[in-house]
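Visitor: Sending over a structure as structure tokens; questions will come in a sec.
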Amino acid sequence: MESHPHVRVLRGKKIILGVTGGIAAYKAVTVASRLAQAGALVDVLMTEAAQKFVAPLTFSALTGRSVATDLWSLGNGQIMHVALAREVDLFLVAPATANTIAKLALGLADDPLSATALASRGPLLLAPAMETGMWLNPITQQHMQALIQRGAFTVGPMEGRLASGAMGIGRMAEPPQIIEMARKVLGRNGPLAGVHVVITAGGTQEPLDPVRFVSNRSTGKMGMALATSARDFGAEVSIVHSPLQVSVPFGVASVPVRTAAEMRAATFDLLPRTDVLIGAAAVADYRPATVADQKIKKKSGNLDIELVRNPDILGEVGAQRQQSGRPRVMVGFAAETEDLLANAKVKLESKRLDLILVNDVSAPHSGFGTETNQVTLLDKWGDVLPWPLLSKDEVADRLMVWVARRIQGKGLADLGA
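Position in the sequence shown (from 1) plus 14 gives the number in the numbering used here.
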């Protein structure tokens with residue numbers, strides 16, 4: 015994840031980061047830094063053992079806030095662990111050692127971390143880190159299950175090289191995974207909670223022979239930004255995608271496909287429980303009429319390839335939408351090089367969409383492979399709203415605001431952004 019000051023779900027959130035005594039404490043430095051860069055207010059609590067691995071000053075310099083290392087530390091005249099526990103959006107423990115997990119499960123409170131956790135009513139997220147034997151010990155597992163049953167969330171541990179040099183499970187999740195899980199936890203009760211959002215993404219690949227295929231320049235970046243944003247807004251997210259040049263976001267259900275026909279089948283399989291469908295994939299309009307069993311060899315002269323029409327996935331969904339009632343909201347994308355608004359309006363109407371976002375893919379900094387996008391929105395009620403050049407994350411967040419409001423029966427005229 016690329017952190018920046020405009021991560022909507024993190025901005026202004028009060029996060030306690032508890033750091034315990036494990037070698038993975040050095041990774042907590044990156045977690046604290048990225049959360050602070052993303053706009054969160056990060057207060058760090060350190061056990062005595064944690065301070066043997068990382069100095070409190072490191073966290074203070076990165077977060078711009080004081081670090082509690084003493085159970086009786088005072089902040090603004092108040093006992094710090096009591097004051098912090100009153101208003102916390104997320105209590106994150108990374109790394110969470112076997113000792114600290116046991117304390118949290120049993121309700122012990124003999125250091126700033128465990129005391130604050132016991133007093134806190136915010137969600138608890140644990141990133142366990144320990145040797146394999148300690149993690150697999152039935153006592154540790156019982157403590158973890160007790161915490162999970164009380165509502166705690168976990169991320170990791172992973173398999174890999176441990177501090178002892180051995181290979182096994184117990185390695186702390188990497189900072190990007192921890193931050194993604196933090197975003198998922200913070201957004202779980204968001205405006206799209208209880209809504210299933212299905213997104214198509216990437217450029218489909220239509221085989222010509224075992225080696226070659228017909229495709230386009232789509233990387234899937236916009237689709238992944240949409241999936242991340244929908245997750246942060248609290249939605250259950252499934253993404254139907256062709257081969258990508260970017261990773262599927264943490265906490266999002268991945269449905270990999272290759273061809274337009276496979277994407278159609280996967281989309282229709284999900285349709286009975288789809289509330290919102292966002293067609294961000296660059297679906298190939300045509301495919302080779304025949305697929306050679308063996309690699310086509312170079313010969314003298316030209317090679318003629320017959321192409322046939324691929325299914326119009328959004329068009330088919332829109333045609334049957336009145337009977338099934340699914341999805342409740344349909345959004346499409348139009349990648350154009352000329353007559354943007356006219357072409358987008360035709361697609362909006364022919365596919366029976368609620369909204370379409372159109373962009374000029376021949377323009378610099380907008381379209382395939384870029385980090386930014388400049389789109390114009392057209393809805394079925396006749397409203398048109400141009401947006402300035404934005405990062406794809408910002409486009410996705412703005413669109414999710416529209417989707418959330420559309421679920422409430424509002425259109426572009428109510429968006430005002």
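We treat Cβ as the ideally placed atom computed from N, Cα and C, and that holds for glycine.
Quantities reported herein were computed from a predicted structural model and do not represent experimental measurements.
#1: Have a look at 365, 422, 28, 335 and flag the residue whose alpha-carbon is nearest the alpha-carbon of residue 197.
#2: Roughly how many whole angstroms lie between the Cα atoms of residue 98 and residue 346?
#3: Does DSSP put residue 214 in a helix, a strand or coil?
#4: Anyone know if the C-beta pair for residue 303 and residue 214 falls short of 7 angstroms?
#5: Could you check where the alpha helix (DSSP H) with residue 48 kicks off and where it finishes?
#6: Any idea what DSSP makes of residue 394, helix, strand or coil?
#7: Looking only at its own chain, which residues have a Cβ that is under 6 angstroms from the Cβ of residue 204, when we skip the five neighbours before and after it?
#8: With 16 other CB atoms within 10 Å as the buried threshold, where does residue 128 fall?
#9: Under 7 angstroms between the Cβ atoms of residue 287 and residue 324?
#10: May I ask which residues mark the beginning and end of the alpha helix (DSSP H) holding residue 407?
#11: Within 8 angstroms, do at least three Cβ pairs link the region 24-39 to the region 62-71?
#12: On a CA-only basis, which of 30, 332, 400, 322 is nearest residue 354? Give me that one, please.
#13: Could you spell out where the alpha helix (DSSP H) holding residue 133 opens and where it closes?
#14: I need the DSSP call for residue 28, collapsed to helix, strand or coil.
#15: Considering only the beta carbon of each residue, do residue 388 and residue 403 sit closer than 7 angstroms?
#16: Please classify residue 348: does DSSP put it in a helix, a strand, or coil?
#17: Starting from the N-terminal side, write out each stretch of the beta strand (DSSP E) that is 3 residues or longer and does not extend beyond the region 236-287.
#18: Quick one: what's residue 179 bridged to in DSSP?
#19: With distance defined between alpha-carbon atoms, name the residue in 417, 261, 257 nearest to residue 271.
#20: Put residue 91 into one of helix, strand or coil per three-state DSSP.
#21: Measure the C-alpha to C-alpha separation of residue 153 and residue 142 and round it to an integer number of angstroms.
#22: Tell me, please, which residues DSSP counts as bridged to residue 106.
Guide: The relevant details are as follows:
#1: Of the candidates 365, 422, 28, 335, the one whose C-alpha sits nearest the C-alpha of residue 197 is 28.
#2: Distance between residue 98 and residue 346, taken at the CA atoms: about 44 angstroms.
#3: If DSSP states are grouped into helix, strand and coil, residue 214 belongs with the strands.
#4: For the 7 angstroms CB-CB criterion, residue 303 and residue 214 do not form a contact.
#5: Residues 39-51.
#6: DSSP places residue 394 in coil when its eight states are reduced to three.
#7: Closer than 6 angstroms at the Cβ level, and outside the excluded window around residue 204, lie 247, 248.
#8: With 16 or more other Cβ atoms within 10 Å, it is buried.
#9: No. Outside cutoff.
#10: Here the alpha helix (DSSP H) through residue 407 covers 406-421.
#11: Contact holds: three or more Cβ-Cβ distances are below 8 angstroms.
#12: Restricting attention to 30, 332, 400, 322, the CA atom closest to the CA of residue 354 is found in 400.
#13: Run containing residue 133: 126-133, per the alpha helix (DSSP H) assignment.
#14: Secondary structure of residue 28 (DSSP, three-state): strand.
#15: Contact: yes.
#16: Residue 348 falls in the strand class under three-state DSSP.
#17: Fully enclosed beta strand (DSSP E) runs of no fewer than 3 residues occupy 250-255, 267-270 of the region 236-287, in order along the chain.
#18: Per DSSP, none; premise fails for residue 179.
#19: The residue with the shortest Cα to Cα distance from residue 271 is 257.
#20: Model confidence at residue 91 stands at a pLDDT of 49, short of 50, so the residue's coordinates are unreliable; what they give is reported in the following sentence. Residue 91 falls in the coil class under three-state DSSP.
#21: Rounded to whole angstroms, residue 153 to residue 142 spans 14 angstroms at the Cα level.
#22: As computed with DSSP, residue 106 is found in a beta bridge with 31, 139.
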